[in-house]
Amino acid sequence: MGKLKQKMIEEMDMAVDTVFASNGVTFTKHCTDHLGWGEIPHFITRLRDYYKLLGREIIEVNSYHNSGWDFLSDAQAKPAENGIEIKWRESNVQSI
1189 MGKLKQKMIE EMDMAVDTVF ASNGVTFTKH CTDHLGWGEI PHFITRLRDY YKLLGREIIE
1249 VNSYHNSGWD FLSDAQAKPA ENGIEIKWRE SNVQSI
């Protein structure tokens, strides 16, 4: 298997999907904590290429920060996380 294909598989395997079945839209989070600031633009470019290869139409790209703080227990529930969130749908789905 080629290095590029292996890198794509590894990076997509780390992603977390949230599906909204009513309109075929999916939100996928890609953590960027393992990257330096200078690497993030290249990471986003790779993600765009991956999604195109997978037949996914990107609707929107956003950054996110999850503090990991649980306000109900007033304690740190998990480590903070930064990342890129991609809103997408399958390329062959018609818009309403």
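All residue numbers in the sequence shown are consecutive under this note's numbering, ending with 1284. Idealized CB from N, CA, C, for every residue including glycine. Quick caveat: nothing in here was measured; it's all calculated off a predicted structure.
In summary, residue 1276 is buried, with 16 or more beta-carbon neighbours lying within 10 Å of its beta-carbon over all protein chains present.
Collapsing the DSSP output to three states places residue 1275 in a strand. The alpha carbon of residue 1215 has as its nearest neighbour, out of 1280, 1272 and 1266, the alpha carbon of 1272. Three or more pairs of CB atoms, one per stretch, sit closer than 8 Å, so the stretch 1192-1211 contacts the stretch 1235-1249.
Annotated as distal: residue 1235 and residue 1253, with beta-carbon spacing of 8 Å or more. Pairing residue 1269 with residue 1256 gives a Cβ-Cβ distance under 8 Å.
Proximity to residue 1201 across 1238, 1227, 1226 and 1263 peaks at 1238, based on C-alpha coordinates.
Within the same chain, Cβ atoms closer than 7 Å to the Cβ of residue 1267 are found at 1256, the five residues on either side in sequence being excluded.
For residue 1199, there is no enclosing beta strand (DSSP E); the enclosing alpha helix (DSSP H) has its first and last residue at 1191-1201. Within the stretch 1218-1242, complete alpha helix (DSSP H) segments of at least 4 residues are found at 1228-1241, given in chain order.
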